[in-house]
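Please read the structure below before turning to the comments.
2 protein chains.
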Amino acid sequence: MFKLLIHGGAGAVRRDHYSNQEISEYKKSLKEVLDFGVEQLAHEQSAEDVVVKVVSLLEDNPLFNSGRGSVLTSDGRVQMDAAVMCGQDGSCGAVTLAESIKNPVQMAQWVMRKTPHRLLGGRDVDLLAKAQGFQMEDVDYFVTEKRREQLAAAKAKGAIQLDHDSEDHSQTVGAVALDVFGNVAAATSTGGLTNKMPGRVSDSAIVGAGTFADNQSLAFSATGTGDVFIQNMSGFDAHALMVYSKKSLSEACDEVLEKVKVRGGRGGVIALRANGESYMAFNSLGMFRGQMDSEMKWEVAIF
Amino acid sequence: MFKLLIHGGAGAVRRDHYSNQEISEYKKSLKEVLDFGVEQLAHEQSAEDVVVKVVSLLEDNPLFNSGRGSVLTSDGRVQMDAAVMCGQDGSCGAVTLAESIKNPVQMAQWVMRKTPHRLLGGRDVDLLAKAQGFQMEDVDYFVTEKRREQLAAAKAKGAIQLDHDSEDHSQTVGAVALDVFGNVAAATSTGGLTNKMPGRVSDSAIVGAGTFADNQSLAFSATGTGDVFIQNMSGFDAHALMVYSKKSLSEACDEVLEKVKVRGGRGGVIALRANGESYMAFNSLGMFRGQMDSEMKWEVAIF
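Heads up: the protein sequence lines correspond to chains X and F, in order. Here my numbering = 1-based position in the first sequence + 21. Here my numbering = 1-based position in the second sequence + 21.
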């Protein structure tokens, strides 16, 4: 048995903001990523490797807010965060404030496997990635015309655009997987918020906030009002609710999202247990999402 | 009723590494900081302001590993982290990878109070602090001869020095306070690990890892093997153990330290409840620590 869930961000995703063609492009991209990931899981790839590969594909896709197509800071730069965590042994790695790494999630996996540290950031992580032979890209690769327009619109309104706020379409990406060995893993990657302050670290870089995995509880990837997910330690909270309070997967995820709402945030989560049980939920208007399992049953949805 | 606990780091602090004069210097510094903080609490200052002021004093003291006297990265630089959290409403702020801010904990408080974000880092946080009028310092201010020697010794051994590892004396600092209004707060500040990789973010910058505060559970500041405290989300875990599993303050802190040990780490915590109950514990050889309350009962200890 194996299973894969992915998301491409949650927020004020309104049907009337998208043409039929855009909707079908998003759905096609999500389905292609599911097909690729499930093929990998069927070939006995580990959940860790699959979430990293799947999130890499989403980073490469300019439709989503991670890697290529990341949203812009208030001074027009790309600053990217990513994290990965393994449910088998709790090993984890993350990067923050990366500006030139093509696939931040791959560097997060390298931090996990090759360093004694858990989170590396800033200019140093770009220099280290380059020295280690990771593919680097320049501003022209990452920045799309759509993101320039979104920043201009946000600045005109003087507002920091939370994920999918109003017309914003900033799609943090993530994946949770269960492999044939019974292990779960989670990965998340983001360009953050349109018009965010330079230097802002998101929940996607923080294990226990936007990303978490433990075989005894759940694999978890979040999207939404990241600053509240940091404050609430939402990923670890879902774990604690299941292990300490014996809540079910859906109860834990619903409670975590409700706590985000209480603090003025919103967003969505995808979650998966080692027994194959899964749950996707959001308290925003929509969430780009999909899931597929070893029976080849699949679903892709936005609203 | 009010109360203040402080720490100046936990680790392999061996009595025979210190002269009698050094011991009395450390104890004198800790007592002066307690006196100052308790005076502030007696004058009805908030727990939030007191932990920030107290940690600022420890940052200014080159005996400890934060602000002036921070340990050095493998390439000989100072990169500082700090966080603050309020138990009343869960508001929090943090900075990471600061290289020029005299008092990183004061910038963490600014992030909390003046921005929509929770964690700012890298070169951008230095630029922002400067633009906001915070006192900035250059390398000569932060780097002491003792830290240069410690880096040279660590590099000669090819080892990353965890807090207080063997001859290392790298003293992360922190404070937890209860004010006369019944609110608790926590703050932590550090230069990290001697010979750490450039760009490494410590648990001191991550709310829920090395710093946590909630009036319904505890105020918490940790020191030790930071990468494990990040992985374990130790601060939030202590909170969850108390709220969800109904563990006592000491049971929660002991369990959190035991989990750090299971993953190969060690360290210490100071913790305080809104009812005035407090606890200090460490599974390393020693922890620089002190506490003082509204009855003017006080204690300063290292081993």
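Even glycine gets a Cβ: it sits at the ideal position worked out from N, Cα and C.
Item: In angstroms with no decimal places, state the Cα-to-Cα distance between residue 267 (chain F) and residue 245 (chain F).; Value: 26 Å
Item: Rounded C-beta distance between residue 284 (chain F) and residue 304 (chain F)? I'm assuming under 8 Å.; Value: Residue 284 (chain F) to residue 304 (chain F), Cβ: 12 Å. No contact.
Item: Are residue 225 (chain F) and residue 256 (chain F) closer than 8 Å when you measure CB to CB?; Value: no
Item: How many whole angstroms separate the CB atoms of residue 238 (chain X) and residue 264 (chain X), which I take to be in contact at a CB cut-off of 8 Å?; Value: 5 Å
Item: Looking only at its own chain, which residues have a Cβ that is under 7 Å from the Cβ of residue 158 (chain F), when we skip the five neighbours before and after it?; Value: 121, 123
Item: Classify residue 310 (chain F) as buried or exposed, calling it buried when 16 or more other Cβ atoms lie within 10 Å of its own Cβ.; Value: buried
Item: Can the beta-carbon of residue 195 (chain X) be found less than 8 Å from the beta-carbon of residue 209 (chain X)?; Value: yes
Item: Within 8 Å of any Cβ in chain F, is that where the Cβ of residue 185 (chain X) sits?; Value: With a pLDDT of only 45 at residue 185 (chain X), under the threshold of 50, the placement of this residue in the model should not be trusted; the figure read from the coordinates follows. False, the Cβ-Cβ gap to chain F never drops below 8 Å.
Item: Can you check whether the C-beta of residue 287 (chain X) is within less than 8 Å of a C-beta belonging to chain F?; Value: no
Item: Give the residues of chain X in contact with residue 257 (chain F), contact being defined as C-beta atoms less than 8 Å apart.; Value: 229, 254, 257, 258, 261
Item: Using only CA atoms, which one of F:206, F:39, F:102 lies nearest to residue 220 (chain F)?; Value: F:102
Item: Identify which residue in F:294, F:199, F:243 has its Cα closest to the Cα of residue 333 (chain F).; Value: No information on residue 333 (chain F) is available, as it lies outside the stretch 22 to 324 that chain F covers here.
Item: What are the start and end residues of each continuous alpha helix (DSSP H) run of 4 or more residues lying completely inside the region 74 to 154 of chain F, in chain order?; Value: 125 to 135, 144 to 152
Item: In three-state terms, what does DSSP make of residue 291 (chain F)?; Value: strand
Item: Does the beta-carbon of residue 22 (chain F) have 16 or more other beta-carbons within 10 angstroms, so that it is buried, or is it exposed?; Value: exposed
Item: Please go through the same chain and pick out, in chain order, the residues whose beta-carbon is closer than 6 Å to the beta-carbon of residue 197 (chain X), but skip the five residues on each side of it.; Value: 26, 207, 240, 242, 291, 293
Item: Can you pull the chain X residues whose beta carbon is under 7 Å from the beta carbon of residue 251 (chain F), in chain order?; Value: 139, 140, 228
Item: Output, in chain order, the set of chain X residues within a Cβ distance shorter than 7 Å of residue 113 (chain F).; Value: 252
Item: Assuming contact is defined by CB atoms lying nearer than 8 Å, are residue 129 (chain F) and residue 114 (chain F) in contact in what I supplied?; Value: yes
Item: Taking three-plus beta-carbon pairs below 8 Å as touching, is the region 162 to 177 of chain X in contact with the region 77 to 93 of chain X?; Value: yes
Item: Closer than 8 Å, Cβ to any Cβ of chain X: which residues of the region 117 to 141 of chain F, in chain order?; Value: 117, 118, 136, 137, 138, 139, 140, 141
Item: Beta-carbon within less than 8 Å of residue 204 (chain X)'s beta-carbon, same chain only, minus the 5 sequence neighbours each way: which residues are those?; Value: 67, 68, 69, 107, 108, 109, 236, 295
Item: Can you tell me the Cα-Cα spacing of residue 297 (chain F) and residue 211 (chain X), whole angstroms?; Value: 41 Å
Item: Spell out whether any CB of chain F is found under 8 Å from the CB atom of residue 146 (chain X).; Value: yes
Item: Run down chain F in chain order and give the residues with a C-beta less than 8 Å from the C-beta of residue 275 (chain X).; Value: By Cβ distance, chain F contributes nothing, its closest Cβ being about 16 Å from residue 275 (chain X), past 8 Å.
Item: Assuming the contact rule is C-beta atoms closer than 8 Å, residue 143 (chain F) and residue 142 (chain X) should be a hit. Round their C-beta distance to whole Å, please.; Value: 6 Å
Item: Let me check understanding here. Comparing Cα to Cα, which of X:132, X:39, X:160, X:161 lies closest to residue 149 (chain X)?; Value: X:132
Item: Under 8 Å between beta-carbons, which chain F residues line up against residue 265 (chain X)? List them in chain order, please.; Value: 261, 262, 265, 266
Item: Of the choices F:118, F:125, F:54, whose alpha-carbon is the least far from that of residue 88 (chain F)?; Value: F:125
Item: From residue 287 (chain X) to residue 278 (chain X), what does the alpha carbon distance come to, in whole angstroms?; Value: 7 Å
Item: CA-CA distance, residue 232 (chain F) and residue 261 (chain F)?; Value: 14 Å
Item: Name the chain X residues whose beta carbon is nearer than 7 Å to that of residue 248 (chain F)?; Value: 137, 138, 139
Item: For residue 74 (chain X), is the classification buried or exposed, using 16 other Cβ atoms within 10 angstroms of its Cβ as the cut-off for buried?; Value: buried
Item: If the cut is a Cβ gap below 9 Å, which residues of chain F does residue 270 (chain X) touch?; Value: Per Cβ cutoff of 9 Å: no residues; residue 270 (chain X) is ~16 Å from chain F at best.
Item: Which of helix, strand or coil does DSSP assign to residue 262 (chain X)?; Value: helix
Item: Select from the region 22 to 39 of chain F all residues with a C-beta closer than 7 Å to any C-beta belonging to chain X, and list them in chain order.; Value: none
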